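Student: Dropping the structure in here first, questions after.
There are 2 protein chains.
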Amino acid sequence: MSTSRVDRPLGRGRGIPEATVARLPLYHRSLMGFADRGVATVSSEELAAAAGVNSAKLRKDLSHLGSYGTRGVGYDVDYLVYQVARELGLTQDWPVVIVGVGNLGHALANYGGFTSRGFRIAALVDSDPARTGELVNGLAVQSLGRLEEIIDEADVSIAVVATPASAAQEVCDRLVAAGVTSILNFAPVPLQVPSGVDVRKVDLASELQILAFHELRKQMSSLAALPQLAAHPARPGHPAHPALAPRSEATG
Amino acid sequence: MSTSRVDRPLGRGRGIPEATVARLPLYHRSLMGFADRGVATVSSEELAAAAGVNSAKLRKDLSHLGSYGTRGVGYDVDYLVYQVARELGLTQDWPVVIVGVGNLGHALANYGGFTSRGFRIAALVDSDPARTGELVNGLAVQSLGRLEEIIDEADVSIAVVATPASAAQEVCDRLVAAGVTSILNFAPVPLQVPSGVDVRKVDLASELQILAFHELRKQMSSLAALPQLAAHPARPGHPAHPALAPRSEATG
DNA sequence: AAGTGTGAATTGATTCACAGCC
DNA sequence: GGCTGTGAATCAATTCACACTT
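Encoded structure:
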């Protein structure tokens, strides 16, 4: 979710819905798979299956880019790969700075998926002097003090924040001040940014919690199937409740 | 996004919208922050600001859980923490298995955010015999062969897939067959699961690509501001395309 | 006076279903 | 005959605005 937005309509028939944008990388990846296997043409049905969406959605999504298919035939794989890649800005090479070289930063620096898809790690930066100079995936970790210099020299506009929560906002402020306008945030805090800067967050703990929410319902509903039902098990260790309990339902 | 869904309405006023569920962890975290700082009561405005959403949305979200606030006053922090935690299933301890102990699996195993929030890493599993026995965050990596045993013994229902793309579906099938019903997938492939199993995916490369998409528009629109404008870069009606980036499907 | 809770309005995303083209 | 592209219909999420409570 972009915390801050870019530009609203951006005019000329080119207003691609955010939900569609979020799926383009998926389509691109699936298309590359077909291309690697030498497939020349795919139908919306086939491509949709590979990407894990339904075909109506896929067709609607692609229709926002233009009419790149052939009725009765399908899509030319190479042509569509190119169009999607162009739309995503993958035809150019984006230098990315990763700030925070802890466990996660390490993993990201070593992650092949980034570098193989139009992104190049321009620098790794960490505040811990003990870490500067350390080689990670062939790149030396640099001091946080050099952040602005690095961004300027490498003309970086996309950064990854993989610092602890406590440092994230300050790092973010410096990134933005230095000219970064897109941030991928792994720190579990909502970053405040001025308008014109995009932030996307990856919140690992939240993802598990969302799964746990559904898991709980599944387990409750399978228990509810037993005759012995819905016992409200007295909650031990209540936090001190204020006055509550009144189901203040009703009204309208 | 749940690839497969659980149960639709689940009856009695308890059908919490998916978008709301996805924000509950955020609220929970923000509330914990207030609690830690000794704040007793928060308004929707304050809590919303801390969570990075607007207050109308927050109030609507909370209204799906029940009427836990006090008009004219706000929300009791401890009470609301408890209610949100209960809704999320955080009052219990969820054993989690991580499959794939590469860079990412390592990072996840060491990531404090999981263990500190109701999740316990029950086991680390990897297919590489060279890695079994290795200690990661105090836990010995186990052989993939033991997967079913582990899941059964520890009564695991939530698993994390951090394998290369090529292994993900097979691992997923085994997880599901062994009784896992919630999967957090880091591999860049859409997992096929039977209905009743939830999958959420974290797609690192896609996140960067989505940022790049918006970044490209920003850069184009700032160029468009120059007198020399909107050069329509001759769109040939035919597949005149460079085959793009060679490699694909990198691993984690 | 302050601030929640919620109907109503709006905006956005998905799905349907079929006309049009190959 | 097969399959895309897209209006229309549906469904979901967000925002508005205010009645109601303390």
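Line by line, the protein sequences are chains B and H. Sequential numbering of the first sequence, starting at 85, is according to my numbering. Sequential numbering of the second sequence, starting at 85, is according to my numbering. Ideal placement from N, C-alpha and C gives every residue a C-beta, glycine not left out. On a predicted model such as this, the values are computed, not experimentally measured, just so you know.
Confirm, please, whether the CB-CB distance from A296(H) to L268(B) is below 8 Å.
Tutor: In the first sequence, counting from the first residue as 1, residue 268(B) sits at position 184. In the second sequence, counting from the first residue as 1, residue 296(H) sits at position 212. Not a contact, by the Cβ cut-off of 8 Å.
Student: Quick check on the burial criterion: 16 or more other C-beta atoms within 10 angstroms. Buried or exposed for D160(B)?
Tutor: As a first step, residue 160(B) is located in the first sequence; it is residue number 76 there, counting from the start. That one is buried.
Student: Go ahead and pull the three-state DSSP assignment for V225(H).
Tutor: For the purposes of this step, residue 225(H) is taken as residue 141 along the second sequence, with counting starting at 1. Reduced to three states, the DSSP call for V225(H) is strand.
Student: Does the beta-carbon of V240(B) have 16 or more other beta-carbons within 10 angstroms, so that it is buried, or is it exposed?
Tutor: The sequence position of residue 240(B) within the first sequence is 156, counting from 1. Classification for V240(B): buried.
Student: State yes or no: is the beta carbon of Q293(B) nearer than 8 Å to at least one beta carbon in chain H?
Tutor: Translated into positions along the first sequence, residue 293(B) becomes position 209. Closer than 8 Å to some Cβ of chain H, the Cβ of Q293(B) qualifies, so yes.
Student: List the residues of chain H that E299(B) touches, going by C-beta distances under 8 Å, in chain order.
Tutor: Position 215 of the first sequence holds residue 299(B). Going along chain H in sequence order, the residues near E299(B) (Cβ under 8 Å) are G173, W178, S241, I242, T265, S266, D282.
Student: Quick check: what's the CA-CA separation for P109(H) versus V157(B)?
Tutor: The count along the second sequence starts at 1 and reaches residue 109(H) at position 25. The count along the first sequence starts at 1 and reaches residue 157(B) at position 73. C-alpha separation (whole angstroms): 46 Å.
Student: Can you tell me where the beta strand (DSSP E) with L295(B) in it begins and where it stops?
Tutor: Reading the first sequence from its first residue, position 211 is the one you call residue 295(B). It is not in any beta strand (DSSP E) - L295(B) instead sits in the alpha helix (DSSP H) that spans 288-308.
Student: Can you name the residues of chain B whose CB is closer than 7 Å to the CB of P213(H)?
Tutor: Indexing the second sequence from 1 puts residue 213(H) at position 129. Near P213(H) there are no residues of chain B at all, since even the closest Cβ is about 21 Å away, more than 7 Å.
Student: If you drop the 5 nearest sequence neighbours on each side, which residues of the same chain put their C-beta closer than 7 Å to that of T216(H)?
Tutor: The residue you call residue 216(H) lines up with position 132 of the second sequence. Cβ neighbours of T216(H) beyond the five flanking positions: D210, V225, Q226, S227.
Student: Strictly below 8 Å CB to CB, what residues from chain H border V126(B)?
Tutor: For the purposes of this step, residue 126(B) is taken as the residue at position 42 of the first sequence. Those within 8 Å of V126(B) in chain H number zero; the least Cβ separation is about 14 Å.
Student: Run down chain B in chain order and give the residues with a C-beta less than 8 Å from the C-beta of P272(H).
Tutor: As a position in the second sequence, residue 272(H) is number 188, starting the count at 1. Per Cβ cutoff of 8 Å: R113, G197.
Student: Please report the residue range of the beta strand (DSSP E) in which S266(B) lies.
Tutor: In the first sequence, the residue the question calls residue 266(B) occupies position 182. Here the beta strand (DSSP E) through S266(B) covers 266-269.
Student: Taking I205(B) as the reference, which of R107(B), V105(B), P179(B) has the closest Cα?
Tutor: Your numbering for residue 205(B) matches position 121 in the first sequence. It is P179(B).
Student: Within 10 angstroms of its Cβ, does Q57(H) collect 16 or more other Cβ (buried), or is it exposed?
Tutor: Nothing in the structure corresponds to residue 57(H), since chain H is present only between 85 and 336.
Student: Could you name the residues of chain B that V105(H) contacts, counting a contact when the two beta carbons are closer than 7 Å?
Tutor: Counted from its first residue, the second sequence places residue 105(H) at position 21. In chain order: I294, F297.
Student: Taking a contact to mean a Cβ-Cβ separation below 8 Å, would you say V220(B) touches A193(B) in this structure?
Tutor: For the purposes of this step, residue 220(B) is taken as the residue at position 136 of the first sequence. For the purposes of this step, residue 193(B) is taken as the residue at position 109 of the first sequence. In contact: V220(B) and A193(B) (Cβ atoms closer than 8 Å).
Student: Skipping 5 residues on each side, what residues in its chain have a beta carbon closer than 8 Å to that of L313(H)?
Tutor: Walking along the second sequence from the start, residue 313(H) turns up at place 229. Bear in mind that a pLDDT of 45 at L313(H), under 50, signals an unreliable position, so the model cannot answer this.
Student: Round the Cβ separation of L142(B) and L131(B) to the nearest angstrom and send it over; I've been treating them as touching at under 8 Å.
Tutor: Mapped onto the first sequence, residue 142(B) falls at position 58. Mapped onto the first sequence, residue 131(B) falls at position 47. With a Cβ gap of about 6 Å, L142(B) and L131(B) count as contacting.
Student: Please check the pair A271(B) and R201(H), which I expect to be a contact at CB under 8 Å, by giving their CB distance rounded to whole angstroms.
Tutor: In the first sequence, residue 271(B) corresponds to position 187, counting from 1. In the second sequence, residue 201(H) corresponds to position 117, counting from 1. With 8 Å as the limit, A271(B) and R201(H) do not qualify as a contact, their Cβ atoms being about 15 Å apart.
Student: To the nearest whole angstrom, what separates the beta carbons of R113(H) and V137(H), a pair I think is in contact under 8 Å?
Tutor: Start at 1 with the first residue of the second sequence, and residue 113(H) comes out as number 29. Start at 1 with the first residue of the second sequence, and residue 137(H) comes out as number 53. Contact doesn't hold; Cβ gap of about 12 Å is too wide.
Student: Which residues, in order along the stretch 133-146 of chain B, keep a beta-carbon less than 7 Å from a beta-carbon of chain H?
Tutor: Cβ contacts with chain H come from A135, G136.
Student: I'd like to know if P109(B) contacts chain H, where contact means its C-beta is closer than 8 Å to some C-beta of that chain.
Tutor: Within the first sequence, numbered from 1, the residue matching residue 109(B) stands at position 25. Taking Cβ atoms only, chain H reaches closer than 8 Å to P109(B), which makes this a yes.
Student: Please work out which residues of its chain come closer than 7 Å, Cβ to Cβ, to S139(H), disregarding the five sequence neighbours upstream and downstream, and give them in chain order.
Tutor: By one-based count along the second sequence, residue 139(H) stands at place 55. Result list for S139(H): S128, E129, A132, in chain order.
Student: Determine, using beta carbons only, whether S279(H) comes closer than 8 Å to chain B.
Tutor: On the second sequence, position 195 is the one that residue 279(H) refers to. Cβ-Cβ to chain B under 8 Å: no for S279(H).
Student: Mind checking if R204(H) is an interface residue toward chain B, Cβ cutoff 8 Å exclusive?
Tutor: For the purposes of this step, residue 204(H) is taken as residue 120 along the second sequence, with counting starting at 1. No, because no Cβ of chain B sits closer than 8 Å to the Cβ of R204(H).
Student: From G122(H), K144(H), V264(H), F203(H), pick the residue whose C-alpha is nearest to that of E291(B); which is it?
Tutor: Here residue 291(B) refers to the residue found at position 207 when the first sequence is read from its first residue. The candidate whose alpha carbon is nearest that of E291(B) is F203(H).
Student: Return the first residue and the last residue of the alpha helix (DSSP H) that Y163(H) is part of.
Tutor: Looking up residue 163(H) in the second sequence gives position 79. Taken as a continuous stretch (DSSP letters only), the alpha helix (DSSP H) holding Y163(H) covers 161-172.
Student: Is A135(H) near Y163(H), with beta carbons less than 8 Å apart?
Tutor: One-based indexing of the second sequence puts residue 135(H) at position 51. One-based indexing of the second sequence puts residue 163(H) at position 79. Not a contact, by the Cβ cut-off of 8 Å.
Student: So V105(H) is in the alpha helix (DSSP H); what residue range does that whole segment cover?
Tutor: For the purposes of this step, residue 105(H) is taken as the residue at position 21 of the second sequence. Note, V105(H): alpha helix (DSSP H), 102-120.
Student: Find the nearest neighbour of S279(B) within the set D257(B), H298(B), H190(B), judged by alpha-carbon distance.
Tutor: Residue mapping note: residue 279(B) aligns to position 195 of the first sequence, counting from 1. For S279(B), the nearest C-alpha among the options comes from D257(B).
Student: According to the Cβ coordinates, are A243(H) and V183(H) closer than 8 Å?
Tutor: Counted from its first residue, the second sequence places residue 243(H) at position 159. Counted from its first residue, the second sequence places residue 183(H) at position 99. Yes, Cβ-Cβ distance for A243(H) and V183(H) is below 8 Å.
Student: So with CB distances below 9 Å, who are the chain B contacts of H190(H)?
Tutor: As a first step, residue 190(H) is located in the second sequence; it is residue number 106 there, counting from the start. By Cβ distance, chain B contributes N187, H190, A191.
Student: Assuming contact is defined by CB atoms lying nearer than 8 Å, are P252(B) and V273(B) in contact in what I supplied?
Tutor: On the first sequence, residue 252(B) is found 168 positions in, with the first residue counted as 1. On the first sequence, residue 273(B) is found 189 positions in, with the first residue counted as 1. The question names Pro, yet the displayed sequence has Ala at residue 252(B). Yes, the Cβ-Cβ distance between A252(B) and V273(B) is below 8 Å.
Student: Using the rule of at least 16 other Cβ atoms within 10 Å of the residue's Cβ for burial, across every protein chain shown, is S266(B) buried or exposed?
Tutor: Residue numbering aside, residue 266(B) sits at position 182 when the first sequence is read from its first letter. Its Cβ being crowded by 16 or more others within 10 Å, S266(B) is buried.
Student: Return helix, strand or coil for T37(H), following the three-state DSSP convention.
Tutor: Given that chain H is displayed from residue 85 to residue 336, the structure contains no residue 37(H) and the question cannot be resolved.
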